[in-house]
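Chemist: Take any residue in the sequence shown, note its place counting from 1, add 121, and you have its number in our numbering. Beta carbons: idealized from backbone N, C-alpha and C, even for Gly. Fair warning: this is a prediction, and the values are worked out from it, not measured in the lab. One structure, pasted below without further comment.
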Amino acid sequence: MVEMFDNLNHRLYHHFSCTYLGILRYMQKRMAHDTEYTLEQMSILNMLRNLGKADVDTMARLIIKEPNTLLQIMNRMVDKGYLEKQKIGRKTVYQITEDHRARHNPELFNDYAKDIFDCFSQEEKDKYLELSDKLFNSVNTKLTNYFVEYE
Numbered sequence: 122m123v124e125m126f127d128n129l130n131h132r133l134y135h136h137f138s139c140t141y142l143g144i145l146r147y148m149q150k151r152m153a154h155d156t157e158y159t160l161e162q163m164s165i166l167n168m169l170r171n172l173g174k175a176d177v178d179t180m181a182r183l184i185i186k187e188p189n190t191l192l193q194i195m196n197r198m199v200d201k202g203y204l205e206k207q208k209i210g211r212k213t214v215y216q217i218t219e220d221h222r223a224r225h226n227p228e229l230f231n232d233y234a235k236d237i238f239d240c241f242s243q244e245e246k247d248k249y250l251e252l253s254d255k256l257f258n259s260v261n262t263k264l265t266n267y268f269v270e271y272e
């Protein structure tokens, strides 16, 4: 039974990750073609718009990106004038520059995501959501069991 569950889990995860990566790649190409931002830059801008200011470690946890990679991306964004950084104590925090805050449209990311999902039929959307729910629930159960076991 466990083997069957793990096999199903693996298949769901594979389907989910392939679909998700396909969507991300498509969005990345569309954004790079239509806007000045990469997908990572768009995620960072949207996150900082909500947070106001944040350090790299906080952003890395929220965006789920390796801190050194994120630091490089954010420093390039500082060079381009999208972000500004300042030292607060021992931490360096980043925020959107006033000039860029006025130009950046936070709905752009949502518009791209909406466009992509509009390409799918309702049946495909339902199937995708069902699969992602199953995956989420099984991963959640495994994490819960892991934490209970090691507490």
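Beta carbon of Met180, beta carbon of Leu191: below 8 angstroms?
Modeler: Cβ distance < 8 angstroms, so Met180 and Leu191 count as in contact.
Chemist: Spatial neighbours of Ile184 within its chain, please: C-beta separation below 6 angstroms, excluding the five flanking residues on both sides.
Modeler: Taken in chain order, the residues that qualify are Ser164.
Chemist: Please identify the residue among Asp247, Ile217 and Arg211 whose C-alpha is closest to the C-alpha of Asp178.
Modeler: When only C-alpha atoms are compared, the closest one is Arg211.
Chemist: With burial defined as no fewer than 16 other Cβ atoms inside 10 Å of the residue's Cβ, what is the status of Ile217: buried or exposed?
Modeler: Under this definition Ile217 is a buried residue.
Chemist: For Ile185, which three-state DSSP category applies?
Modeler: In the structure shown, Ile185 sits in coil (DSSP, three-state: anything other than H, G, I, E or B).
Chemist: Would you mind listing the beta strand (DSSP E) stretches within the segment 193-223 that are 3+ residues and don't spill past its ends, in chain order?
Modeler: Correct list: 204-209 and 212-217.
Chemist: Mind checking who Asp104 pairs with in its DSSP beta bridge?
Modeler: There is no way to answer for residue 104, as the model of the chain reaches only from 122 to 272.
Chemist: How about Tyr215 and Ala175: do their beta carbons lie closer than 8 angstroms?
Modeler: Taking 8 angstroms as the Cβ cut-off, Tyr215 and Ala175 qualify as a contacting pair.
Chemist: Would you call Gln162 buried or exposed, if buried means 16 or more other Cβ atoms sit within 10 Å of its Cβ?
Modeler: The residue is buried, with at least 16 neighbouring Cβ atoms inside 10 Å.
Chemist: For Lys201 and Glu187, what's the separation of their Cα atoms in angstroms?
Modeler: Approximately 21 angstroms, taken between the alpha carbons.
Chemist: Have a look at Thr159 and Ile209 and give me their C-alpha separation to the nearest angstrom.
Modeler: Between Thr159 and Ile209, the C-alpha separation is close to 28 angstroms.
Chemist: Does Thr159 come out as helix, strand or coil in the three-state DSSP assignment?
Modeler: It is coil, neither helix nor strand.
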